[in-house]
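Shown next, in C-alpha cells, is the structure this report addresses.
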Amino acid sequence: MAVYTFGALHIDPASNPAVLNTGTWDAQLVTHALSRCPVDRFSNEAITSLQGKISEELMVFIDSRGAKNGNDWYLCRLTDCQYFFISLGRIDDVTLAKPFFTKHLDGNTYLCAFIASDTAIHKYATQICP
Numbered sequence: 002m003a004v005y006t007f008g009a010l011h012i013d014p015a016s017n018p019a020v021l022n023t024g025t026w027d028a029q030l031v032t033h034a035l036s037r038c039p040v041d042r043f044s045n046e047a048i049t050s051l052q053g054k055i056s057e058e059l060m061v062f063i064d065s066r067g068a069k070n071g072n073d074w075y076l077c078r079l080t081d082c083q084y085f086f087i088s089l090g091r092i093d094d095v096t097l098a099k100p101f102f103t104k105h106l107d108g109n110t111y112l113c114a115f116i117a118s119d120t121a122i123h124k125y126a127t128q129i130c131p
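Residue numbers (this note's numbering): 2 to 131.
The following block contains the structure:
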C-alpha cells in the first residue's frame, strides 16, 4: 500500500490503520492476491495446517474464526497491511455487506471477501464473534 502525501501531511496506512476506511484501500490488489491463491487453501483444515499463511502475501488470522449461518468467517491481512474479512460457505451479502470478491471453491462452497470497514468490523464483533 502506498504512502500518500498532501503537502506536509503523510498518510501511511501500514503505520496508522485508522485510515484504512478511506480511499487508500485497494480492493483490486486484494482481488488479485485472492485470485492467485489455490482453492484448496481455503478450508478450515487447510487454514489451520498452514497456520494461516495462505500465500507469501496473504495471512488469515486463525483465532478470528467465527461461524454464522453455516459459513466460516475470518479476518485476513495482506503484507501491505490491508485488512479484510473472508467467508467460506454460501454467498452471503447480508451479514457484513456485499462481497467485493467471490470465488467458487467446490460444490456449494464459495470464498467471499469483504472490506474491513468500521461498519463491517462492528457487525463482525456483534453478529459473528460476539
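Backbone N, C-alpha and C fix where the C-beta goes; we use that ideal spot for every residue, glycine too.
So, using beta-carbon positions, are residue i and residue j closer together than 8 Å?
i, j, result
"R42", "L51", "yes"
"F86", "L97", "yes"
"L30", "L59", "no"
"W74", "I116", "no"
"L112", "K124", "no"
Please name the residue in the options whose C-alpha comes closest to that of residue i.
i, options, result
"G1", "T80, G90, I55 and D81", "Shown here, the chain extends from 2 to 131; a query on residue 1 therefore has no answer."
"K99", "I129, S88 and N109", "S88"
"E57", "D64, P39, S118 and D107", "P39"
"D94", "L35, A114, N109 and H123", "A114"
"T32", "I122, F101, G108 and A121", "F101"
"L35", "A47, C77 and N45", "C77"
"N109", "I92, A121 and I122", "I92"
"P131", "D107, D81, S65 and T49", "S65"
"A126", "L106, K69 and D81", "K69"
Assuming residue i and residue j form a contact by the criterion Cβ under 8 Å, report the distance between their Cβ atoms to the nearest whole angstrom.
i, j, result
"Q83", "D119", "Not a contact, Cβ separation roughly 15 Å."
"V61", "G71", "Not quite, the Cβ-Cβ distance comes to about 19 Å (not below 8 Å), so this is no contact."
Q.
Please give the ranges of any beta strand (DSSP E) in the region 71-125, keeping only runs that are unbroken, at least 3 residues long and fully inside the region.
A. 72-79, 84-90, 102-107 and 110-116
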